[in-house]
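*Asks:*
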Amino acid sequence: MTRNDRVLLYSIAAFLVLIVVAGIVVRFSLKKDHESVMVLLQQHTTIYSLNEDRIIDIGTHHIEIQRSSVRITHAQCKDKICEKTGWIKSGIIVCAPFKLAVFVTPAKQSPIDAITY
Amino acid sequence: MRRNSLRKAVFIALLTAGAVVLNALDIAVTMPFPYVRLGIAHIMTIVALLLYGVRAAGLVIVMKLVLTALLFGKLGAPGYSIAVAGNLGAFIFVCLGRRMFSVVPLSIGAAFFNNLAQSAVVFVFFVPHLEILWLFAILQGIGVATGAIMGIAAKLLLERLRHGNVNH
Numbered sequence: 001m002t003r004n005d006r007v008l009l010y011s012i013a014a015f016l017v018l019i020v021v022a023g024i025v026v027r028f029s030l031k032k033d034h035e036s037v038m039v040l041l042q043q044h045t046t047i048y049s050l051n052e053d054r055i056i057d058i059g060t061h062h063i064e065i066q067r068s069s070v071r072i073t074h075a076q077c078k079d080k081i082c083e084k085t086g087w088i089k090s091g092i093i094v095c096a097p098f099k100l101a102v103f104v105t106p107a108k109q110s111p112i113d114a115i116t117y
Numbered sequence: 001m002r003r004n005s006l007r008k009a010v011f012i013a014l015l016t017a018g019a020v021v022l023n024a025l026d027i028a029v030t031m032p033f034p035y036v037r038l039g040i041a042h043i044m045t046i047v048a049l050l051l052y053g054v055r056a057a058g059l060v061i062v063m064k065l066v067l068t069a070l071l072f073g074k075l076g077a078p079g080y081s082i083a084v085a086g087n088l089g090a091f092i093f094v095c096l097g098r099r100m101f102s103v104v105p106l107s108i109g110a111a112f113f114n115n116l117a118q119s120a121v122v123f124v125f126f127v128p129h130l131e132i133l134w135l136f137a138i139l140q141g142i143g144v145a146t147g148a149i150m151g152i153a154a155k156l157l158l159e160r161l162r163h164g165n166v167n168h
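What follows is the structure in structure tokens.
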């Protein structure tokens, strides 16, 4: 091990630590505002942020957003499939009788589907 | 003089053949892990560089890239530019650093710059999202480990070659 070797290895190690820290920061800061809730009610679309906790009253249902999850409560239909779906963090809740659909969608969608090497 | 250059040509050809075979082995072994490569083929590149210099190492790398692409049908694939970028990044680093660093740190640095160049190309041309920083961190960690192992292997091989009959 010469002095140069040591300098090289230390700088690589420092860079690695930096990258790991940056990776962690990016993972926990960026991911939050990347998703939104899209409420589709009889062909009208409204978009809410997944990160603001709120309860949306649309008359026939309450759509509850809490801690990055969504659920439907107070459904007026009789089978209440939408209520039974429970909390979702991704995917879709549907209430067929009222033509209501709640999607959790990524805010940005990549134009690329997949990459192979 | 002529005998020496013939010996050199044959030896570079042997190193190239070794690099292609080791690369095939590498691809086979790392099949289950999509982004990870061991980089065993670069034992040969480093040996070529340290025995015969920059031109020989460049020849081995270019031949390895072309032959591997032809063997595995990857020449036109978009991912191939990533492989080329990685090799280029590592090659520039080892050419500049070959007199400065000893074998194992040189190999670690080469692995590091390989991943750096690849990630840069991926970020700029394929996935312009900061999330790949996370993947990059994991890749660099593995890269440094495999780079160290390949460096040790290259060092052992070089010691044996220098002790043996290979004149250079």
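Chains as they are written, first to last, in our numbering: chain F, 1 to 117; chain B, 1 to 168. Glycine included, every Cβ here is placed at the ideal spot set by N, Cα and C. Note that the structure is a prediction, hence the values are computed from the model and not measured.
(1) To the nearest angstrom, report how far apart B/Leu135 and B/Ile61 are at their CA atoms.
(2) Looking at chain F, is there any beta carbon in it that lies within less than 8 Å of the beta carbon of B/Glu159?
(3) Cβ atoms of B/Leu133 and F/Val21: under 8 Å apart, would you say?
(4) Distance cutoff 8 Å, beta carbons only. Does B/Val144 sit that close to anything in chain F?
(5) For F/Ala22, would you say it is in contact with chain B, using Cβ-to-Cβ distances shorter than 8 Å as the test?
(6) Between the alpha carbons of B/Ala154 and B/Gly58, how many angstroms are there, rounded?
(7) Between which two residues does the beta strand (DSSP E) containing F/Met38 stretch?
(8) Could you tell me whether the Cβ atoms of F/Ile55 and F/Tyr48 are closer together than 8 Å?
(9) Could you give the first and the last residue of the continuous beta strand (DSSP E) run that contains B/Arg118?
(10) Please identify the residue among B/Ala117, B/Pro78 and B/Gly97 whose C-alpha is closest to the C-alpha of B/Val54.
(11) Span of the alpha helix (DSSP H) holding B/Gly86?
(12) Does chain F have any CB closer than 8 Å to the CB of B/Leu130?
(13) Compute the distance between the beta-carbons of B/Ala148 and B/Gln118, then report whether it is under 8 Å.
(14) So is F/Arg67 in contact with chain B if we call contact Cβ pairs under 8 Å?
(15) Let's see if you can read the secondary structure: which residues bound the beta strand (DSSP E) around F/Ile93?
(16) Roughly how many angstroms separate the alpha carbons of F/Ile24 and B/Leu15, rounded to a whole number?
(17) Starting from the beta carbon of B/Ala137, find every residue of chain F whose beta carbon is closer than 7 Å, and list them in chain order.
(18) What whole-angstrom Cβ distance do F/Leu119 and B/Phe113 have, given they're in contact under 8 Å?
*Replies:* In brief:
(1) For B/Leu135 and B/Ile61, the distance between alpha carbons rounds to 26 Å.
(2) Under the Cβ distance rule, B/Glu159 does not count among the residues neighbouring chain F, no pair being separated by less than 8 Å.
(3) Taking 8 Å as the Cβ cut-off, F/Val21 and B/Leu133 do not qualify as a contacting pair.
(4) With respect to chain F, the C-beta atom of B/Val144 has a partner C-beta closer than 8 Å.
(5) Chain B contact via Cβ: present.
(6) Taking the straight line from one Cα to the other gives about 17 Å.
(7) Its beta strand (DSSP E) spans residues Glu35 to Leu41.
(8) No, these two residues do not count as a Cβ contact at 8 Å.
(9) Reading off the sequence, residue 118 of chain B comes out as Gln, not Arg. Looking at the DSSP string, B/Gln118 is not in any beta strand (DSSP E); the run it does join, the alpha helix (DSSP H), is Val103 to Val121.
(10) Minimum Cα distance to B/Val54 is reached at B/Gly97.
(11) Pro78 to Gly97 is the span of the alpha helix (DSSP H), which, as asked, contains B/Gly86.
(12) Residue-level contact check: B/Leu130 touches chain F, since one or more beta carbons of chain F fall below 8 Å from its beta carbon.
(13) The answer is no: Cβ separation not under 8 Å.
(14) So no, F/Arg67 is outside the interface.
(15) Taken as a continuous stretch (DSSP letters only), the beta strand (DSSP E) holding F/Ile93 covers Gly91 to Cys95.
(16) Their backbone Cα atoms lie some 41 Å apart in a straight line.
(17) Under the 7 Å cutoff, chain F gives Ile19, Val20 and Gly23.
(18) Since the first residue shown for chain F is 1 and the last is 117, residue 119 of chain F is missing from the structure and cannot be characterised.
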